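Reminder that position 306 of the sequence shown reads as 306 in the UniProt record's numbering, one-by-one numbering, no gaps.
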Amino acid sequence: MSSLVKLTIQWEENEIEININEEATLGDLKKKIHSIIHLEPARQTFFDFPLLETLEDHKITIKELNLRPDCVFIVKDKLSIDKPVKPRLGSRKQSEELKTFVFKIMNKPRDNKKLLVLDIDHTIYDAQAPNAVLGARPYLQDFLQGIYEEYDIAIWSATELAIAEKKLAALNMIENPNYKILFVLDFNAMPKVLLEEGSYYTKPLKIIWEKYQQYSSANTIICDDKPMNFRGDKSNGILIEPYSYVERDTDKELLHLMSYLKLIVKQEDFAALDHKKWKVYKDYSTDSTSDSDNYNYGEGSSGGTDDN
């Protein structure tokens with residue numbers, strides 16, 4: 001017997017809950033969305049699920065999508081976001097286009113600091129939580145205050161800027177006396193890349209390095225729960241477990257991440273490290289007499305999460 005599934009749809013600045021039969025097709029879902037936001041099904045695209053573009057709407061069912069209970073469909077109008085697809089990162093044409101993207105600048109960079117670029121949804125915040133207190137990942141404020149000693153902090157969200165700013169305000173991150181946010185980027189700064197298995201959007205760090213020349217692959221880390229978001233910058237990316245507020249009692253990801261970031265901060269080149277193995281060092285204590293010189297550059301360690 002089939003049952004109803006509750007889905008959350010994000011359209012512009014609104015989040016809408018939709019109940020739909022699990023045996024309904026993707027096409028049925030698009031029709032239901034059309035009845036609410038009046039966007040034709042053919043023009044709908046789901047921003048966080050680019051591979052759905054390769055599926056036939058009338059054949060795939062909601063049940064077959066095997067969605068997480070807390071997933072959010074970010075609906076966009078294809079006519080407003082479609083850009084020429086880039087087969088690879090770093091082309092001259094793409095670099096010229098990326099310079100037009102807007103940085104929401106909040107503060108000035110500090111001298112001799114590394115840069116940490118953070119995602120919002122499921123990295124530091126769960127928008128499905130009943131309130132911001134539960135939505136904030138455990139130890140968030142301790143984490144931000146702790147890393148601010150050595151890192152400038154930037155935010156790169158896969159949502160619209162207005163939505164990202166609302167979430168940051170709810171998390172008390174915009175005017176916090178203990179740290180400052182350098183800038184915020186949104187999905188408009190995420191180019192679409194084409195691969196044989198489908199298209200995806202990514203967060204190329206190159207656009208940050210072009211604007212802020214004191215930052216480079218040697219001193220920048222990007223943290224995200226989606227490996228595709230830093231596929232072009234694997235040497236600078238740290239993949240962390242997605243956060244769900246239902247697991248907040250046992251979630252210590254940010255404590256472990258803070259320890260790792262403090263461990264590597266003295267290294268001259270972050271890109272030379274194997275960040276897939278960061279969880280090998282998750283129990284590193286910042287009170288230890290050990291220092292970052294003990295970090296293993298080589299292949300002797302095992303563990304971590306591969307993003308291939």
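Glycine included, C-beta positions come from ideal geometry on N, C-alpha and C. Given the structure is predicted, the values throughout are model-derived calculations rather than measurements.
Apart from the five residues on each side of it in sequence, which residues of its chain come closer than 6 Å, Cβ to Cβ, to E160?
The residue labelled residue 160 in the question sits at position 160 within the sequence shown. Excluding sequence neighbours, E160 sits near D186.
Reducing DSSP to helix, strand and coil, say where K266 ends up.
In the sequence shown, the residue the question calls residue 266 occupies position 266. In this structure, K266 counts as coil in the three-state DSSP scheme.
Own chain, CB closer than 8 Å to V117, minus 5 neighbours either side, in chain order:
Walking along the sequence shown from the start, residue 117 turns up at place 117. Answer for V117: A154, I155, W156, K203, L205, I208, T220, I221, I222 and C223, listed in chain order.
By the three-class DSSP mapping on this structure, what secondary structure does F230 have?
Within the sequence shown, the letter at position 230 stands for residue 230. Note: F230 maps to helix in three-state DSSP.
Out of V265, K279 and A272, state which residue places its alpha-carbon closest to the alpha-carbon of K113.
To locate residue 113, count along the sequence shown from 1; it is residue 113. Per the Cα distances, V265.
Is it the case that the Cβ atoms of L26 and D57 are separated by a distance below 8 Å?
Here the question's residue 26 lines up with position 26 in the sequence shown. Here the question's residue 57 lines up with position 57 in the sequence shown. Result yes, Cβ atoms of L26 and D57 sit closer than 8 Å.
Would L168 be called buried (16 or more neighbouring beta carbons within 10 Å of its own) or exposed?
The sequence position of residue 168 within the sequence shown is 168, counting from 1. Buried is the call here.
I need the straight-line Cα distance from N176 to L134, nearest angstrom please.
The residue you call residue 176 lines up with position 176 of the sequence shown. The residue you call residue 134 lines up with position 134 of the sequence shown. Rounded to whole angstroms, N176 to L134 spans 19 Å at the Cα level.
Roughly how many angstroms separate the alpha carbons of E17 and A170, rounded to a whole number?
Counting from one through the sequence shown, the residue named residue 17 turns up at place 17. Counting from one through the sequence shown, the residue named residue 170 turns up at place 170. Using only the alpha carbons, I get a separation of about 21 Å.
Alpha carbon to alpha carbon, what distance is there between L4 and I211?
As a position in the sequence shown, residue 211 is number 211, starting the count at 1. As a position in the sequence shown, residue 4 is number 4, starting the count at 1. Going by the sequence as given, residue 211 is Lys instead of Ile. Roughly 48 Å between the two C-alpha positions.
I'd like the span of the alpha helix (DSSP H) that includes W209, first residue to last.
Sequence index remark: in the sequence shown, residue 209 carries index 209 (1-based). First-last of the alpha helix (DSSP H) with W209: K206 to K211.
Report yes if the CB atom of N229 is closer than 8 Å to the CB atom of D142, and no otherwise.
Against the sequence shown, residue 229 aligns to sequence position 229. Against the sequence shown, residue 142 aligns to sequence position 142. No, the Cβ-Cβ distance between N229 and D142 is not below 8 Å.
Please report the Cβ distance between M258 and V184, rounded to the nearest whole angstrom; I am assuming they are in contact, meaning their Cβ atoms lie under 8 Å.
As a working mapping, residue 258 is identified with position 258 in the sequence shown. As a working mapping, residue 184 is identified with position 184 in the sequence shown. With 8 Å as the limit, M258 and V184 do not qualify as a contact, their Cβ atoms being about 21 Å apart.
Could you please give me the residues that DSSP links to G237 through a beta bridge?
Here residue 237 corresponds to residue number 237 of the sequence shown, with the count starting at 1. G237 pairs with I222.
Could you have a look at F187 and say whether DSSP puts it in helix, strand or coil?
As a working mapping, residue 187 is identified with position 187 in the sequence shown. If DSSP states are grouped into helix, strand and coil, F187 belongs with the helices.
First and last residue of the alpha helix (DSSP H) that includes A169?
By one-based count along the sequence shown, residue 169 stands at place 169. Per DSSP, A169 belongs to the alpha helix (DSSP H) from L161 to A170.
Cutoff 7 Å; reference I36; Cβ partners in own chain excluding five residues on either side
Working through the sequence shown from its first residue, we reach residue 36 at position 36. Around I36: I16.
Taking DSSP's pairing of strands, which residues face L7 in a bridge?
Residue numbering aside, residue 7 sits at position 7 when the sequence shown is read from its first letter. Paired residues: I18.
I'd like to check one pair, R43 with residue 312: are the Cβ atoms closer than 8 Å?
Here the chain comprises residues numbered 1 to 308, so residue 312 is not present and cannot be evaluated.
Identify the continuous alpha helix (DSSP H) that holds L140 and give its terminal residues.
Within the sequence shown, residue 140 is the residue found at index 140, counting from 1. It spans L140 to I147 - the alpha helix (DSSP H) in which L140 sits, taken as one unbroken run.
I74 (DSSP reduced to helix, strand or coil)
The sequence position of residue 74 within the sequence shown is 74, counting from 1. If DSSP states are grouped into helix, strand and coil, I74 belongs with the strands.
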